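Since the structure comes first, as structure tokens, the remarks are kept for the end.
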Amino acid sequence: MTHEGTNEGTNFDPWYDRYADRTAGLSASEVRALFAVASRPEVVSLAGGMPFVAALPPELIAGAFERVMATQGSLALQYSSGQGIPALREQILEVMALEGIRASVDDVVVTTGSQHALELVTKLFINPGDVVLAEGPSYVTAMVVFNSFQADITHVPMDEHGLIPEALRSTIARLKAVGKTIKFLYTIPSFSNPAGVTLTWQRRLEILEICRANDILVLEDNPYGLLYFDSPPPQAMRSVDEDGVVYLGTFSKTLAPGFRVGWALAPHAIREKMILANEAAVLSPSSFSQLMISEYLSTADWKGQINTFRDIYRERRDAMLAALAEYLPQLSWTVPNGGFYVWVTLPDHMDSKAMLPRAVKELVAFTPGTAFYADGSGRNNIRLSFCYPTPEFIREGIRRLSVAINGELDLLSTFSQTSPLAAIPLKQGIATPPSNIG
Ligand code: PMP
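What follows is the structure in structure tokens.
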């Protein structure tokens, strides 16, 4: 801060030296400015994770609005409980039952999106320096939360069947040997963001066993499980372990993110603390949104609507995989059976973040792989999302991406013929994602 007589702070931010240490991870990402350009209509954005809410008939929501306001208007406009409205919590049990979960309505805590549940759990468990284990790669904005509580994020490798149990075992042993405290494993077992990969049932059981044996809580984040394309994913990890798992769900992908309603299902003691933390943060989650969703669930064919979303996203996934095979056959990528994302691997020597300006110039945007690691890995990866653009735009987007990638490869091969490429230093830590990153 620039007080008279002191010279601290900067011209850009006079409060620079006054922020809490925990804000160190909240630096704006260098790709943020590019994403502003990428949101122009002529750019095909394969970067964000925005659900295709246009597939939701507006009259369903308008009808729910009219009925809520006519019959429960004063409740909808009032504060409610910090745990969430009981009728909605009952309905959330029905949603979770689709993934094999049996639970008590008392153990559900409604939150402001599952993002806020992530924040509450982290706030309850993490002291500076505590370890959070996370798949590598993992969801960028979860890592922003972990970082903001000064967690030490340690990645555990995954393959096409999800997180690798043997790698989890050895990572835990290594961390314990140097005296680290591991608080929880954060995992997105079904159609992960960003890898689009699903953890097998056998591995789910094995991972639960490893965590139980090591007193490590499992934070199971499952926004995409109901959005499968071919066959349903294995049942939720919470379906077989009610004491060691905090399960997170959301209406953002199966209905609409604008309501900002998600939930946590937690063992009793944790649930009590979550309610108190929720009240401290927001008093109560939005009564209006909760009653709207409750009305929608009791009057609309919500399972049919989820099937509609699944059909739309399946078609878009197919369009993306076909376009990748046609335009970029030299690359490799994951084949998601649900969710929003494909994870692409470029040749080893490529740097996807350095390539992003070239892609945006070609009018296509993606998210560089480094956003999804806390340790600078992912340099030759990109995350492509197929949830929002139409199949035609996806195809055109991949065509443009191939122009950018091939142009970059030409450039790299030209330079490598004259002199070796200088190593590009990796930036450590993760930056705040662009707002539409999803
Ligand atoms: N977890 C994951 C893995 C996600 O992809 C997202 C949204 N992109 C969220 C949590 C947060 O979703 P919301 O807060 O809208 O429920």
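Residue numbers (the working numbering): 209 to 646.
Ideal Cβ placement from N, Cα and C applies to all residues, glycine included.
Fair warning: this is a prediction, and the values are worked out from it, not measured in the lab.
- By the Cβ criterion, the stretch 390 to 406 is in contact with the stretch 330 to 342, since at least three pairs of Cβ atoms, one from each stretch, lie closer than 8 Å.
- Any heavy atom of the ligand PMP counts here; residues with a Cβ closer than 5 Å to one of them, in chain order, are Gly257, Gly321, Ser322, Gln323, Tyr347, Ile396, Asn401, Asp429, Pro431, Thr458, Ser460, Pro465, Gly470 and Gly646.
- Annotated as proximal: Leu499 and Val276, with beta-carbon spacing under 9 Å.
- With respect to the 9 Å criterion, Val317 and Met482 are classified as neighbours on the basis of their beta carbons.
- His324 carries a helical assignment under DSSP once its states are collapsed to helix, strand and coil.
- The Cβ atoms of Asp315 and Pro493 do not sit closer than 9 Å to each other.
- Remark: C-beta atoms of Ala255 and Thr578 do not approach each other more closely than 9 Å.
- Taking a 10 Å sphere around the C-beta of Leu491, we find fewer than 16 other C-beta atoms and assign the residue as exposed.
- Distance from Asp429 to Thr395 at the Cβ level is roughly 7 Å; contact confirmed, criterion being Cβ atoms closer than 8 Å.
- Considering only Ala508, Gln443, Leu413 and Glu570, the residue with the shortest C-alpha distance to Arg310 is Gln443.
- In the structure shown, Lys391 falls within a strand segment according to DSSP collapsed to helix, strand and coil.
- Using a Cβ-Cβ distance cut-off of 8 Å, the stretch 601 to 611 and the stretch 522 to 541 are in contact, since at least three pairs of beta carbons, one from each stretch, lie closer than that value.
- Residue pairing by DSSP puts Glu343 in a beta bridge opposite Val364.
- Rounded to whole angstroms, the Cβ separation of Arg468 and Gly233 is 23 Å, and the two are not in contact under 8 Å.
- Cβ-Cβ distances below 6 Å link Thr462 to Leu434 and Ile514 in the same chain, with the five nearest sequence neighbours on each side left out; the list follows chain order.
- In this chain, Ser593 is not harboured by any alpha helix (DSSP H); it is covered by the beta strand (DSSP E) spanning Asn589 to Ser593.
- In the DSSP assignment, Gly546 falls outside any beta strand (DSSP E) and carries neither an H nor an E.
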